[in-house]
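Report on the structure given below.
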Amino acid sequence: MELAQSFVEQPLYKRLKPSDWLYAVLVLVAAGQAWRLYNPFMDGYEQAILAGSAIGLVALGWFWKAWRWFFPLSASVALLGISLYHGELARAQTAFWLKFLLSSQSAIMWMCTLFFLATLVYWAGLLTRSAMLSRMGSGLTWAAAVMGGAGLFVRWYESYLIGSDVGHIPVSNLYEVFILFTLITALMYLYYEARFATRQAGAFVLLVISAAVGFILWYSFDRQAHEIQPLIPALQSWWMKIHVPANFVGYGAFAMSAMLGVAELLVLKGVLKDRLPSAEVLDEMMYKAISIGFLFFTIATILGAMWAADAWGGYWSWDPKETWALIVWLNYAAWLHIRLVKGWRGEPLAWWAVIGLLVTTFAFLGVNMYLTGLHSYGGL
1 MELAQSFVEQ PLYKRLKPSD WLYAVLVLVA AGQAWRLYNP FMDGYEQAIL
51 AGSAIGLVAL GWFWKAWRWF FPLSASVALL GISLYHGELA RAQTAFWLKF
101 LLSSQSAIMW MCTLFFLATL VYWAGLLTRS AMLSRMGSGL TWAAAVMGGA
151 GLFVRWYESY LIGSDVGHIP VSNLYEVFIL FTLITALMYL YYEARFATRQ
201 AGAFVLLVIS AAVGFILWYS FDRQAHEIQP LIPALQSWWM KIHVPANFVG
251 YGAFAMSAML GVAELLVLKG VLKDRLPSAE VLDEMMYKAI SIGFLFFTIA
301 TILGAMWAAD AWGGYWSWDP KETWALIVWL NYAAWLHIRL VKGWRGEPLA
351 WWAVIGLLVT TFAFLGVNMY LTGLHSYGGL
């Protein structure tokens, strides 16, 4: 007990290892290089976002050790792809490694393939109780996340090859944000998988990721959505760089919690009970996911209101997207209140999390498909 207490009381800098400082130096050097190259093209807000991102990446790497190899690896793959362009976008169709692996579209197609494979392998591991297959599912999910992250970075660079007035962070349309959604959801699940020492739930969480991958493939081949387009005026704002990623941490967490809710309901009914984690473990994972998702969705909603005030002169206009965002927020606020204050656990909250995904999906996609308003630029 005394040892534990002395460890808790130690200052942060005394708990950090040389590898922690090495990672921090690597991130800060990369941020400094970005500052040196692009500072003349950034306004004060974008400079603040760069500094905040560097600090956030260091903190995340200190908090989650796996991030310290994932982020540098994904960035390295992206830089390798970028180096092969030699400033010419047309090389994506002629250079072998770009055409088949490292252009943004190639990397994202590899991401889609790996996510599908991970889903199949996770299910095979669950049904056969194979620890080796479950580990392979985790490995494939990590590999898919690396390719997805690299693909987004390369796409960002490609947009600037088209033109400096076209270049933008790749979170501007449904194609790009679905890629972001799969990436964030996978990374959040991998964190909780390691924290709770269970891989069996991956079979369920990867189902919702595979559904998103199916949409990405349909949207790419049927609508040619992978083609980079200039930003519409409403999205030409630095607010987009922080509002959209925060939103999709929330969406990813809510999607993951719903699939954990499905797994918990099956366990409570006795289905796959001897193969899945206990209902208590699934319930705790679901609670943690919703807590993080609610925090980031709250931040995103506040940022969205500030963006609206900057763009349209008012913080809130009861636009359909804003209204449904409020409904989603109230839904999960009520979920957390019932759990924390009333002490509910188990089946009712699991069903609530599953139904919550339907509400969130309509707020994300349904509003774009069936309703019109100030946010109609996100339509299918």
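According to UniProt numbering, the residues represented by the sequence shown are 1 to 380, in order.
Cβ atoms here follow ideal geometry from the backbone N, Cα and C, with glycine treated the same way.
Item                                                                                                                                                              : Value
Answer with buried or exposed for Met111, where buried requires no fewer than 16 other C-beta atoms within 10 angstroms of its C-beta.                            : buried
Use the C-beta contact count for Ile232: other C-beta atoms within 10 angstroms, 16 or more gives buried, fewer gives exposed.                                    : exposed
Looking at the structure shown, is Gly270 part of a helix, part of a strand, or coil, going by DSSP?                                                              : coil
For a test of the three-state rule: what should DSSP assign to Gln200, helix, strand or coil?                                                                     : coil
So which of Gly270, Leu266, Gly56 has the shortest CA-CA distance to Ile242?                                                                                      : Gly56
Could you tell me if Trp142 is buried or exposed, where buried requires 16 or more neighbouring beta carbons within 10 angstroms of its beta carbon?              : buried
Report all residues from its chain with a CB closer than 6 Å to the CB of residue 382; omit the five preceding and five following residues, and keep chain order. : Within the shown structure, residues of the chain are numbered from 1 to 380, placing residue 382 beyond reach of any answer.
Just to confirm before moving on: does the CB-CB distance between Gly149 and Leu114 stay below 8 Å?                                                               : no
Assuming the contact rule is C-beta atoms closer than 8 Å, Val205 and Met259 should be a hit. Round their C-beta distance to whole Å, please.                     : 5 Å
Looking only at its own chain, which residues have a Cβ that is under 6 Å from the Cβ of Asn247, when we skip the five neighbours before and after it?            : Ala300
Find the nearest neighbour of Val208 within the set Met256, Gly87, Asp165, Arg195, judged by alpha-carbon distance.                                               : Met256
With a threshold of 16 other CB atoms inside 10 Å of the CB of Leu3, please say whether the residue is buried or exposed.                                         : Any reading at Leu3 is ruled out, since the residue's pLDDT is 45, under 50, leaving its predicted position unreliable.
Can you list, in chain order, the residues of its chain whose CB lies under 6 Å from that of Trp62, leaving out five sequence neighbours each side?               : Asp20
Can the beta-carbon of Thr360 be found less than 8 Å from the beta-carbon of Tyr251?                                                                              : yes
Taking the straight line between their C-alpha atoms, what separation do you get for Val213 and Thr119?                                                           : 11 Å
Under the rule that 16 or more other beta-carbon atoms within 10 Å means buried, what is Met1, buried or exposed?                                                 : Note that Met1 scores 43 on pLDDT, short of 50, meaning its location in the model is unreliable; the coordinates nonetheless yield the value given after this. With fewer than 16 Cβ atoms within 10 Å of its Cβ, Met1 is classed as exposed.
Identify the continuous alpha helix (DSSP H) that holds Asp165 and give its terminal residues.                                                                    : Note, Asp165: premise wrong, no alpha helix (DSSP H); not H, not E.
Within the continuous alpha helix (DSSP H) that includes Met369, where are the two ends?                                                                          : 367-370
Which residue wins for smallest C-alpha separation from Leu187, given the options Ala353, Ala334, Ala289, Ala305?                                                 : Ala289
Could you tell me whether the Cβ atoms of Val27 and Ala66 are closer together than 8 Å?                                                                           : no
Measure the C-alpha to C-alpha separation of Leu102 and Phe70 and round it to an integer number of angstroms.                                                     : 17 Å
From Tyr23 to Ser104, what distance separates their C-alpha atoms?                                                                                                : 26 Å
Helix, strand or coil for Ala4 per DSSP?                                                                                                                          : A caution first: Ala4 carries a pLDDT of 46, below 50, which makes its placement in the model too unreliable to give a value.
Is the beta carbon of Tyr157 sitting closer than 8 Å to the one on Ile82?                                                                                         : yes
According to the Cβ coordinates, are Ile49 and Ser159 closer than 8 Å?                                                                                            : no
Quick check on the burial criterion: 16 or more other C-beta atoms within 10 angstroms. Buried or exposed for Ser76?                                              : exposed
In whole angstroms, what is the alpha-carbon distance linking Phe178 and Glu280?                                                                                  : 31 Å
Going by beta carbon distance, what residues of the same chain come within less than 6 Å of Tyr219, once the five residues before and after it are set aside?     : Tyr175, Ala225
If you run the structure through DSSP and keep just helix, strand and coil, what is Lys17?                                                                        : coil
So for Asp310, helix, strand or coil by DSSP?                                                                                                                     : helix
Residues in the same chain with beta-carbon distance under 8 Å from Arg275, minus the five sequence neighbours each way, listed in chain order, please.           : Leu126, Leu127, Arg129, Gln200
Nearest-angstrom Cα distance between Phe100 and Leu161?                                                                                                           : 19 Å
Using a 10 Å radius around the Cβ and a threshold of 16 neighbouring Cβ atoms, would you call Ile169 buried or exposed?                                           : buried
For a quick check, are the C-beta atoms of Leu265 and Leu272 less than 8 Å apart?                                                                                 : no
With Ala363 and Ile327 assumed to form a contact (beta carbons below 8 Å), what rounded beta-carbon distance in angstroms separates them?                         : 7 Å
Would you kindly work out how many angstroms separate the C-alpha atoms of Ala311 and Pro11, rounded to a whole number?                                           : 43 Å
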